[in-house]
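Trainee: Chains as they are written, first to last, in the working numbering: chain A, 646 to 838; chain B, 646 to 838.
Where is the CB? At the ideal position from N, CA and C, for every residue including glycine.
Number of protein chains: 2
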Amino acid sequence: MDLPPATAAFVLHFGEMGSRWGINRTVGQIYALLFLSERPLPADEIAQKLGFSRSNVSMGLKELEAWRLVRLQHLPGDRREHFSTPEDVWQIVRILAEERRKREVDPTLTLLRDTLMQRPASAEEAHAQARMQSLYEVISLLTGWMDDVQKLPDERLIALLKLGGRVARVLEATERFQEIVTRKPRRRAAKEG
Amino acid sequence: MDLPPATAAFVLHFGEMGSRWGINRTVGQIYALLFLSERPLPADEIAQKLGFSRSNVSMGLKELEAWRLVRLQHLPGDRREHFSTPEDVWQIVRILAEERRKREVDPTLTLLRDTLMQRPASAEEAHAQARMQSLYEVISLLTGWMDDVQKLPDERLIALLKLGGRVARVLEATERFQEIVTRKPRRRAAKEG
DNA sequence: TTGAATTTTCAGAAATTGCTGAACATACGC
DNA sequence: GCGTATGTTCAGCAATTTCTGAAAATTCAA
């Protein structure tokens, strides 16, 4: 591997991380290299820098394209295809979230929905369905939230994340406000009464 | 595999999903089976139901314990260890988030921090560092947010998620309120002026 | 067109990961 | 303690995944 040490460390780390996710080591390393690169790189240069065969790099880039994690471009005076990652890390996060959702979450929701349509044939099956139902609800809520925040512009999303748990306070305040406005009396704990 | 059809479908699906994540097929299936089960199951029963060897199940359960995804208990009058998943799906989500963070995110942050301490030896390395810096910032923000919402009780977390993107409106309102209170004049677009 | 440069495909080799049975370890009732 | 039921480990076989080189396909300039 023909890289400055910090780059090499990052590339190796992402190779390992890649294999903990579904993605394989080669693909993780190619992505990491492109992410750090100053300029778009052609496949043969990637192969040379990482010490992989040209064909392996070709397959890895295909997979990254399928994930929409790299884009292809042509540089003037060079016939080769050059690859790069988006500049903006938030852009990358959004793409990752969409793709993982499409590949992992949606099929799971479909399976759960289909199963929940069936009539359970025994108490055991009824229990299994109840479990699936509660899983379905949690996943729906999480993905619904994701859909929602995906629509926010970067700036708002970042503001929201920075606010973190303090959002809960704002909500509390809003709830109390609602209670007052609708004149619904506050509930009291037994001790208070 | 000796299971009612809906259970079998769910178990197989989670096996596949497991292998898309770092976790392997066996482990995914064991987890899915326990998740749906009405009662805690002993290892030999798991092995029988899924058609795996007893030793394979033993290793799978060890891994699930390391992830804190199953708990072990003893039933009266039975010497065998029985395994179950938490009842509450939100509890499971929290554990998953913590464990993935510990295994995947924290080591990455450490690597980035260490690398960013070094002095770049070239323009190329300086660029790579700048990229790592922006990645570091995004990951920090995301994990900081996660830490924050992890502290909320379930009820509040759920309320927050249900609110989804509408939170942004509350924030906007709050910002405008801040502007008014601090008497900082609202910025106007060119067209308005 | 032609042919050189580049990319893709794919059969099979190499590496990795998963799985099993047998041996070993441990826990528990007696 | 003893013996049996239960749990763990691990060497090695099996299955899967990854990777390569060679060949085929594509692209593009002339």
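Could you tell me the distance, in whole angstroms, from the CA atom of B/Arg724 to the CA atom of B/Gln795?
Mentor: 37 angstroms
Trainee: Counting pairs of Cβ atoms below 8 angstroms between the region 796-814 of chain B and the region 750-766 of chain B, do you hit three or more?
Mentor: no
Trainee: Quick one: Cα of B/Arg699 to Cα of B/Glu690, how far?
Mentor: 9 angstroms
Trainee: Is it right to say A/Pro685 is buried, meaning 16 or more other beta carbons lie within 10 angstroms of its own, or is it exposed?
Mentor: buried
Trainee: Once DSSP output is grouped into helix, strand and coil, what is the label at A/Pro650?
Mentor: helix
Trainee: Tell me the DSSP secondary structure of A/Glu782 in three-state form.
Mentor: helix
Trainee: Leaving out the 5 sequence neighbours to the left and right, which residues in its chain are closer than 7 angstroms to A/Asn701 when beta-carbon positions are compared?
Mentor: Excluding positions up to five away in sequence, the list reads Thr671.
Trainee: Could you confirm whether any beta carbon from chain B is found closer than 8 angstroms to the beta carbon of A/His772?
Mentor: yes
Trainee: Using DSSP bridges, identify the partner residues of B/Arg716.
Mentor: B/Ser729
Trainee: For B/Pro640, would you say it is in contact with chain A, using Cβ-to-Cβ distances shorter than 8 angstroms as the test?
Mentor: In the structure displayed, chain B extends from 646 to 838; residue 640 of chain B sits before or after that span and is not available.
Trainee: Would you check if the region 728-741 of chain A and the region 762-776 of chain A touch, i.e. whether three or more CB-CB distances between them fall below 8 angstroms?
Mentor: no
Trainee: Quick check: the Cα distance between A/Lys836 and A/Phe680, rounded to an integer number of angstroms?
Mentor: Confidence in A/Lys836 is poor, its pLDDT being 47 and thus under 50, which makes the residue's placement unreliable; the coordinate value appears in the next sentence. Distance between the alpha carbons of A/Lys836 and A/Phe680: 59 angstroms.
Trainee: What does B/Pro765 pair with, by DSSP beta-bridge criteria?
Mentor: Answer is none; B/Pro765 lacks a bridge partner.
Trainee: By the three-class DSSP mapping on this structure, what secondary structure does A/Leu797 have?
Mentor: Per DSSP, reduced to three states, the secondary structure at A/Leu797 is coil, with no helix or strand assignment.
Trainee: Among all the DSSP beta bridges, which residues are the ones paired with B/Leu686?
Mentor: B/Phe728
Trainee: By how many angstroms is the C-alpha of A/Pro798 removed from the C-alpha of B/Gly838?
Mentor: Residue placement at B/Gly838 is poorly supported in this model, since its pLDDT is 30, which falls under 50; the coordinates still yield a value, given next. If I take the Cα positions, the gap works out to 25 angstroms.
Trainee: In three-state terms, what does DSSP make of B/Asp792?
Mentor: helix
Trainee: Taking Cβ-Cβ distances shorter than 7 angstroms, what residues in chain A pair up with B/Thr612?
Mentor: For chain B, the structure presents residues 646 to 838; residue 612 of chain B sits outside this window and is missing.
Trainee: Using only alpha-carbon positions, find the residue among B/Met791, B/Val715, B/Glu726 that is nearest to B/Gln751.
Mentor: According to the sequence shown, residue 751 of chain B is Asp rather than Gln. Looking at the Cα atoms, B/Met791 is the closest of the given residues.
Trainee: In chain order, what residues of the same chain lie with their CB nearer than 7 angstroms to the CB of A/Ala653, ignoring the 5 residues before and after it?
Mentor: Met646
Trainee: In terms of residues, what are the limits of the alpha helix (DSSP H) holding B/Phe680?
Mentor: Per DSSP, B/Phe680 belongs to the alpha helix (DSSP H) from 670-681.
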